[in-house]
Amino acid sequence: MGLAVAWKLALVMIAVQPSTVVFHYLKKIVLSNASHDLARAQHKSTQIAIEAVRNHRMVTSFGCSAEVLRLFEEAQEKPLKPARRMAWAAGVATGFSPCLSFLTWALDFWYGGKLAQSGQISAGDVFKTFFILVSTGKLIAEAGSMTSDLAKGTNAVAAIFEVLDRQTMTPRSSQVDHLSEKTTLQRRIQGRIEIKKVDFAYPSRPQCLVLREFNLEVKAGTSVGLVGRSGCGKSTVVGLIQRFYDVDRGVVRIDGVDVRELDIIWYRGFTALVSQEPVIFSGSVRDNIAFGKPEATENEIVEAAKAANAHEFISSLKDGYGTDCGERGIQLSGGQKQRIAIARAIIRNPTILLLDEATSALDVQSERAVQEALDRIMVGRTTVVVAHRMNTIKGLDSIAFVGEGRVVEQGTYAQLMNKKGPFYNLATLQK
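Here it is, written out as structure tokens:
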């Protein structure tokens, strides 16, 4: 239609459009390269963030959220240079793009004015052609290109705000054992655990109770084993002790105080968890052990490794304590990873030690080394052990057999074997 109104002006306007296309193509290449450099520089910080999210339970359990945030901020310093370079490129491109458009429009109006002055077209034809070939086409192109992005962006933003607006299920208490902050930080918990008439169902399955009228008491400095068939709620008890969830009914007390009334970060500073699948972060062996106590000295790290039966194999590694573990500890065997996880727990000097099937995935030789380390660190600590293998709980002060979400029977290993109840039947199957 523009050709029909003023064909000469239309041809000039069409002829200069390739310059805009070339500019946008070059801009895309420059920004793409800058974005690639930035992405590579952000790899480390992204890796830290991914590991923190993937292993959020362990990070939260050890109260190391602040330390992970510090490492993330340090890693974020590396991408600053490519980020600035990309920002400069984007800024120059953003500034030059309208300049190029304005120059093109100036040329169009200048030539249109010349044609109008010579009487070949009218002033109205100039504006008609301009708006037909430039403004209308530009608006349609921009609207079309933004439609899908706008839809994706709206959904993405909605999902982000859904997460940001979500309320935590275990809010941090404003009080700490009803004591002043100064007094609280100077004392340690004794480690007495009481679980009274607890009902609990996971939020994703509120209709399925995992624990029903669950009762358990662990005296300070003693050990108790939780055994039972898979899915009976043993690991759930460990999660409730660390307050990863709040109970639906009943109460979990620490030293006689409802765990919901304790400052969650302060309280978790006295607990340590060693799980079936040890969490190993990218970084050195030293960094992984010190994760439990970021301010630990080299001597403390070595002593913790010795207590975990890990010092010997660590010393045999190429770079010793400076050896890189690889992503998720890929450079280490299962037994080695587990002993590093135990050393991480030891260095915290926890009052309450939680062992969630810490040896079930190991071979016989690795299990023996790990079990020796666990037996050593359990002394004098309140210890809750979730186990399937009976040989790992024979020496505990007490054993609770869990069935259908409640404690069915409890006593020492010898007492339960003599009763010939559910525990006896399970133990007999393993012989």
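Using mature numbering (1 follows the signal peptide of the UniProt record, and there is no 0), the letters of the sequence shown correspond one by one to residues -18 to -1, 1 to 413. For every residue, glycine included, the Cβ atom is placed at its ideal position computed from N, Cα and C. Values in this document were obtained by computation on a predicted structure and should not be read as measured data.
6 Å Cβ shell around residue i - same chain, five flanking residues per side excluded
| i | result |
| --- | --- |
| K402 | none |
| residue 419 | Any answer about residue 419 is impossible in this case: the structure gives the chain only from -18 up to 413. |
| K179 | E195 and G232 |
| G285 | First, the amino acid is wrong: residue 285 is Glu here, not Gly. None. |
| P276 | E49 |
Which listed residue (the options) has its alpha carbon closest to that of residue i
| i | options | result |
| --- | --- | --- |
| A396 | R388, V389, V384 and D379 | D379 |
| G215 | I32, V389, L411 and A34 | V389 |
| T333 | V233, C190 and Q172 | Q172 |
| D181 | R170, R194, I175 and R187 | R194 |
| F252 | E391, T365 and F263 | T365 |
| K288 | D245, Y93, L255 and I359 | I359 |
| Y406 | M372, G387 and G377 | M372 |
| E354 | N197, A325 and N331 | A325 |
| K315 | I262, V41, A327 and I271 | Looking at the sequence provided, one finds Ser at residue 315 rather than Lys. If we check each option's Cα against that of S315, I262 comes out closest. |
| L336 | N270, G45, I312 and I223 | I223 |
| residue 420 | L20, L53 and D306 | A query on residue 420 cannot be resolved here, the shown segment of the chain reaching from -18 to 413 and no further. |
Span separating the alpha-carbon of residue i from that of residue j
| i | j | result |
| --- | --- | --- |
| G221 | Q320 | 20 Å |
| A57 | S27 | 5 Å |
| A48 | V200 | 31 Å |
| D230 | M68 | 51 Å |
| T76 | R148 | 37 Å |
| F84 | W92 | 12 Å |
| L411 | A140 | 53 Å |
| T394 | R330 | 29 Å |
| A254 | G73 | 50 Å |
| L208 | I381 | 6 Å |
| residue 416 | V41 | Lying before the first or after the last residue shown, residue 416 is absent from the chain, which here runs from -18 to 413. |
| E243 | S43 | 17 Å |
Exposure label - residue i; buried when at least 16 CB within 10 Å
| i | result |
| --- | --- |
| A290 | buried |
| D357 | exposed |
| G106 | exposed |
| S205 | buried |
| Q99 | exposed |
| C81 | exposed |
Cutoff 7 Å; reference residue i; Cβ partners in own chain excluding five residues on either side
| i | result |
| --- | --- |
| residue 419 | It is not possible to answer for residue 419, since the shown part of the chain is limited to -18 through 413. |
| R268 | I283, Y303 and G304 |
| E339 | Q258, V368, A369 and H370 |
Beta-ladder partner(s) of residue i, from DSSP
| i | result |
| --- | --- |
| S257 | D338 |
| D240 | R235 |
| A382 | L208 and Q392 |
| L193 | F182 |
| residue 436 | Residue coverage of the chain in this structure runs from -18 to 413, which leaves residue 436 outside it and unanswerable. |
| L198 | I177 |
| V367 | G207 and L337 |
Cut-off 8 Å between Cβ atoms - residues of its own chain near residue i, not counting five sequence neighbours on either side
| i | result |
| --- | --- |
| C190 | A183 and Y184 |
| H293 | V284 and A287 |
| M399 | F405, Y406 and A409 |
Residue i Cβ short of 6 Å to the ligand NAP heavy atom set
| i | result |
| --- | --- |
| E339 | Among the components of this structure there are no ligands whatsoever, and the ligand NAP is therefore not found. |
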